[in-house]
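In my numbering, the protein residues as written are 773 to 833.
Listed below in structure tokens is the structure:
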């Protein structure tokens, strides 16, 4: 169902956030840290978007 799909997507995006955070912390190259940090921010935006979709879905039912 839609709620399960949103929950799964949020879990996957959350794992991606954590992955990019860890990669940023471990990167020796300052430019790599910046890139991983930016990728992490994009994943946070995806999580926020999915949270809004979930609220909309809850309110629709």
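We put the CB at the ideal spot given by N, CA and C, even for glycine.
Quiz item: If you check the beta carbons only, do residue 795 and residue 826 fall under 9 angstroms apart?
Solution: no
Quiz prompt | Buried or exposed by the 16-neighbour rule on C-beta atoms within 10 Å, applied to residue 821 | solution = exposed
Exercise. Determine the direct distance from the alpha carbon of residue 777 to that of residue 810, and round the result to whole angstroms.
Key: 25 angstroms
Quiz prompt | Spatial neighbours of residue 812 in its chain, beta-carbon cut-off 6 angstroms, leaving aside the 5 residues before and after | solution = 789, 792 and 793
Self-check item: Residue nearest to residue 783 in terms of C-alpha spacing, selected from 824, 819 and 830
Solution: 819
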